[in-house]
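For reference, the structure is listed below as structure tokens.
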Amino acid sequence: MEQQLQSLRGMVDLLPLATVQWQHLESRAREHFRRAWVGEIRTPLLEPTELFARGIGEATDVVGKEMYSFNDRGDRSCTLRPEGTAGVVRAVIQQGLLSQGPQKLWYSGPMFRYERPQAGRQRQFHQIGLEYLGFADPRSDAEAIALAWDLLEDLGLRGLSLQLNSLGNGEDRLRYRTALVAWLEQRVDQLDPDSQQRLLSNPLRILDSKNPATQALLVDAPSLGASLSTESRQRFEAVQAALGQLAIPYELNPRLVRGLDYYSHTAFEITSAELGAQATVCGGGRYDGLVQQLGGPDTPAIGWAIGMERLALLMASGSELKGAAPDVYLVSKGELAEPFALAVARQLRGAGLAVELDLSRAAFAKQLKRANRSSAPWAVLIGDGEAQSQQVLLKDLREGEEERLDRESLLRRLQGSALGG
RNA sequence: GCGGGCGUCGCCAAGUGGUUAAGGCAGCGGCUUGUGGUGCCGCCAUCCGGGGGUUCGAGUCCCCUCGCUCGCCCCA
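Here the first sequence is numbered in this note's numbering, starting from 2 and rising by one per residue.
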């Protein structure tokens, strides 16, 4: 037998039951962004490969081994976006938005990373992201973080933890990196193989290694916080003060080092213990160097991204959504009845009612059975007799009572009951 | 890319070398051909992800492959 055609590995179908939840999540996000007066931006899913290579960093795993890249017919190297920030920054520069002042933007949509799928991770996944461009004030860090925090809380998530750290500016980072590498080189033999590898490629990442022995070793390592310049430290304190002002609880995590090259100063993650190994629901931080690095004006910026699948996972475990039902289930049978029913359905829909029209031509009993199952409060029954007299039978599916009505009074009855509950 | 677990009907699921692969849900048909929620009857996998092998005989054992899943790396 021929193998059945199926979706690509790590690419998931969302069925109507699931999209109800997604729509809810998206509409809450929209509302939060509206209240904070953040504008939506939509950028292409496909970008020149070079954008990500330059923006995210050649040395990162995302660029090094996780991108979906190919050459198009014009032999340009194209890449399905693995994250949202680079594209937004590109668009902002290209469209000259910064000349109109600082920008508060959000986006949502699919991202693509060629990784092994596991709990809370897919190859096509979705993010809601926020980007504040042109803001250096520590309050902008706090406002951005608060937006994420409030959205997650609003969606009913509990037991979240906000992890906070500062990576300092480029110089701080470089200075610390040198110190850390020197210290670790004395102890290479005590490091796990992965960390030995990272010592060469991305030493800061060793800090958040999951290897217990490595973590034990790091207790005595030079600390990132201590190597921050006075200015960086003061800035970090100002961010904390602002979060305190908002009464948003956070935990300082000196081991938090975000993966992508462009982060500086504030780095944060919002995690949940309920997610398994991929505990991060929201990750973000400041990326003051990125805009300039991509050819724009020197512009401070901060942003974050929420993983929508992970968010949906957490919402599912917390709350159940009530099943939706149409207002009316429309049953018809007969030569005259069927086209008449089609018209009645359209009329009712035109008036704003949700009408499921049974197109099966099955026996009345069968259709009523489905009407009942649909949970609709009302069934409208049309047979040839009704069609001939331009009338319908309105049936209350809870009480079982029926009423013969013309189209106008049907509409009035239904609208009246919809308003009255 | 690496390691562990798993793969029987649309969904859930029994079956662990021996003739015709339980059951439940959903679906379809029927129990006075225009009236539902129960109830009853019938239908619904020549086949156990795919391929090869062992055996008199395999869904059940072995190998390969694909997929799912959990973890590592990494990240939302």
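No residue lacks a Cβ here, since even glycine has one placed at the ideal position from N, Cα and C.
* Secondary structure of Thr179, DSSP reduced to three states -> helix
* To the nearest whole angstrom, what separates the beta carbons of Gly286 and Ala268, a pair I think is in contact under 8 Å? -> 4 Å
* Cβ atoms of Leu175 and Arg29: under 8 Å apart, would you say? -> no
* Asked: Could you check where the alpha helix (DSSP H) with Gly88 kicks off and where it finishes?
  -> Thr86 to Gln95
* Taking the Cβ atom as the reference point for each residue, do Asp218 and Gln198 lie within a distance shorter than 8 Å? -> Looking at the sequence provided, one finds Leu at residue 218 rather than Asp. Not a contact, by the Cβ cut-off of 8 Å.
* Asked: At which residues does the alpha helix (DSSP H) containing Gln101 begin and terminate?
  -> It is not in any alpha helix (DSSP H) - Gln101 carries neither H nor E in the DSSP assignment.
* In chain order, which continuous runs of the beta strand (DSSP E) of length 3 or greater are located wholly inside the segment 106-159? -> 125-134
* Per-residue DSSP class, three states only, for Gly417 -> helix
* Asked: Which runs of the alpha helix (DSSP H), 4 residues or longer, sit entirely within the segment 292-374?
  -> 309-319, 338-351 and 365-374
* Please list, in chain order, all residues of the same chain as Val284 whose beta carbon is under 6 Å from its beta carbon, the five residues on each side excluded. => Val is not the amino acid found at residue 284; the sequence shown has Gly there. If we look at Gly284 and ignore the five residues flanking it on each side, its Cβ neighbours are Glu270.
* **Buried versus exposed call for Gln128 [16 or more other C-beta atoms within 10 Å across all chains shown]** => buried
* Use the C-beta contact count for Phe365: other C-beta atoms within 10 angstroms, 16 or more gives buried, fewer gives exposed. => exposed
* Would you decide whether Ser265 is buried or exposed? Buried here means 16 or more other CB atoms lie within 10 Å of its CB. => buried
* To do: Note down the Cα distance separating Val64 from Gly56, rounded to an integer number of angstroms.
  => 10 Å
* Which runs of the beta strand (DSSP E) spanning at least 3 residues fall entirely within the segment 387-418, listed in chain order? -> 392-397 and 403-407
* Quick one: residues in its chain with C-beta nearer than 6 Å to the C-beta of Gly40, no 5 flanking neighbours on either side, listed in chain order? => Leu106
* **Spatial neighbours of Leu229 in its chain, beta-carbon cut-off 6 Å, leaving aside the 5 residues before and after** => Gly169 and Asp173
* Starting from the N-terminal side, write out each stretch of the alpha helix (DSSP H) that is 4 residues or longer and does not extend beyond the segment 188-223. => 194-202 and 213-219
* Asked: Which of helix, strand or coil does DSSP assign to Ser8?
  -> coil
* Apart from the five residues on each side of it in sequence, which residues of its chain come closer than 8 Å, Cβ to Cβ, to Lys367? -> Ser361
* Asked: Given 8 Å as the limit, is there contact between the segment 327-344 and the segment 296-303, that is, 3 or more CB pairs closer than that?
  -> no
* Going by the beta-carbon positions, is the gap between Leu412 and Gln348 smaller than 8 Å? -> yes
* Asked: Given a threshold of 16 other Cβ atoms within 10 Å of its Cβ, counted over all protein chains shown, does Glu404 qualify as buried or as exposed?
  -> exposed
* CB-CB length for Pro139 against Arg236, believed under 8 Å -> 6 Å
* Sort out for me which residues DSSP pairs Ala274 with in a bridge. => For Ala274, which the question treats as bridged, DSSP gives no partner whatsoever.
* Considering only the beta carbon of each residue, do Leu398 and Pro378 sit closer than 8 Å? -> yes
* Looking at C-alpha atoms only, which residue of Asp209, Gly277 and Ala222 is the closest neighbour of Gly260? -> Asp209
* Helix, strand or coil: how does DSSP classify Thr281 here? -> strand
* Asked: Rounded to whole angstroms, how far is the Cβ of Pro83 from the Cβ of Glu67, which I believe are closer than 8 Å?
  -> 6 Å
* Asked: Roughly how many angstroms separate the alpha carbons of Leu158 and Asp359, rounded to a whole number?
  -> 39 Å
* Asked: How many Å lie between Asp14 and Phe34 at the Cα?
  -> 27 Å
* Asked: What's the C-alpha gap between Gly11 and Glu32?
  -> 30 Å
* **DSSP beta-bridge partners of Ile383** => Ser333
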